[in-house]
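Written out below as structure tokens is the structure these notes cover.
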DNA sequence: CGACTTATATACCATCCGTTATGGAAATCG
DNA sequence: CGATTTCCATAACGGATGGTATATAAGTCG
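Residue numbers (our numbering), protein chains in the order written: chain A, 403 to 608; chain B, 403 to 608.
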């Protein structure tokens, strides 16, 4: 929970805001998630958020700043399962929690289809290049965390010593990205479930 | 090799065209491949193709028709490894050829990064919805071909009888899509190679 | 050589894009 | 009560978008 725009103690002078910033940001996230950065027009955003353009600019800066805040929210609310997954006791547990967490998210009917990160990291127009870079940087960080976890798992004996932890991290990332693509293309939960079960069956160990 | 616009025997009346349709289409493909359907503006396209807008419209119809023809070309030239892959004698051979073929394509420095199909199938603006549907339909057909091949492999004993061929098809598709996403995000060939080797090591049987 | 057909080049169209200036409305402060 | 500050609503901005009308150039056909 955030305290609007000003630090904290502002006993609001001036006219009070007529909308909830958090709710508006959540609506914006849904639009970006459905249409991507470039596909989401300001008209789409303002309509979904229930505010006018000047209000949006006053509260969030501009479209890019709004997207970044929406991305923060996405990471915070929708990607928290990743942190929990990395805390699993074994590498296999990490993989399982990661895939099942992604599966749950992608097949939740209240969420737009697909993954905001994947949607935003595929190539698009020139104006969105900085957006793309920001998203790629974030997912690189996520992948590094996974890699570190697998390196630890290797030392702990979850994997044979000749295991390519980097390859496994890339593999798990790829399965999740592929799941996102298929979810974005309209795959059913049953199909995604099958993908997860198969991947889990192929995962080394146990 | 196509015969321009008219059936075949046209002893071209009127002013002759000053550019090569096939070369222009190849240039257009590169632009769509780099920037996606919506990210590619008519100005981008005409500049890369070396022709003016009226010439483009006269030769290809409109942006959507141009994209579909570029997609045909992409499938014909860049995705032919898929047909060859499905002809491999074993299911493992199919998987290997599919992944290595994708790897070669994604890491060819002359090609734009990523996969045109994946780029075009992730959500974007409303105007591109029909494009998205067309691409999704094509990749669904590709997946079905792979599924049929694996069903056959199951009957031929490549897999144990309790194998989930559908799950394996979804899995292989997902790895390739994930590879495309990572390639689009700028992964090196070495990274993608590692992903392929790992996936191949996990693939069932020998 | 004309007549005809087709391609090119320039300029333009309506529409939408993200963004912002302007004027009034709603609250607190003195 | 002003005075002040902040927010909302309308409407407009310059620029870019996909798509075209018009006029001219470059060929073949009779």
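All C-beta atoms, glycine included, are put in the ideal place defined by N, C-alpha and C.
The beta carbon of residue 521/B is closer than 6 angstroms to those of 438 in its chain, skipping five residues each way along the sequence.
The contact set of residue 524/B on chain A, defined by CB atoms closer than 8 angstroms, consists of 438, 516, 520, 521, 524, 583 and 586 in chain order. With a minimum length of 4 residues, the unbroken runs of alpha helix (DSSP H) contained wholly in the segment 451–517 of chain A fall at 455–462, 465–480, 482–488 and 493–508. The alpha-carbon separation between residue 578/A and residue 460/A amounts to approximately 37 angstroms.
Going by beta carbons, residue 544/A and residue 556/A fall outside the 7 angstroms limit.
Distance from the CA atom of residue 469/B to the CA atom of residue 434/B, rounded to whole angstroms, is 7 angstroms.
Following the DSSP letters along the chain, one finds residue 527/A in no alpha helix (DSSP H), marked with neither H nor E. In the three-state reduction of the DSSP assignment, residue 587/B falls in the coil class. Contact annotation for residue 600/B against chain A: 566, 569, 570, 572 and 573 [CB-CB distance below 8 angstroms, chain order].
Taking 7 angstroms as the cut-off, the Cβ atoms of residue 572/B and residue 518/A do not count as close. The beta carbon of residue 458/A does not come within 7 angstroms of any beta carbon belonging to chain B, so the residue lies off that interface. For residue 605/A, the secondary structure class from DSSP, reduced to helix, strand or coil, is coil. The Cβ of residue 416/B sits no closer than 7 angstroms to any Cβ of chain A. Residue 440/B sits in a helix when the DSSP states are folded into three classes.
For residue 432/B, the closest alpha carbon among the candidates 542/B, 453/B, 476/B and 462/B is that of 476/B.
Collapsing the DSSP output to three states places residue 564/B in coil.
A distance below 7 angstroms between beta-carbons, with the five flanking residues on each side excluded, links residue 594/B to the following residues of its chain, in chain order: 505, 508, 509, 581, 584 and 585.
Taking a cut-off of 8 angstroms on C-beta distances, the segment 539–553 of chain A touches the segment 480–493 of chain A, as three or more cross pairs fall below it. In this structure, DSSP gives residue 420/A a state outside helix and strand, which the three-state scheme calls coil.
By the criterion of at least three beta-carbon pairs nearer than 8 angstroms, the segment 485–500 of chain B is not in contact with the segment 444–455 of chain B. Taking 7 angstroms as the cut-off between beta carbons, none of the residues of the segment 462–473 of chain A comes near chain B. Among the residues facing chain B, residue 576/A is included, as its CB has a counterpart in that chain under 7 angstroms away. Closest by C-alpha distance to residue 480/A, out of 526/A, 523/A and 428/A, is 428/A. Residue 502/A is outside the set of residues whose beta carbon lies under 7 angstroms from a beta carbon in chain B.
In this model, residue 455/A and residue 551/B are separated by some 53 angstroms (Cα to Cα). A direct Cα-to-Cα measurement between residue 466/A and residue 530/A gives close to 9 angstroms. For residue 580/B, the nearest beta carbon of chain A is closer than 7 angstroms to its own beta carbon.
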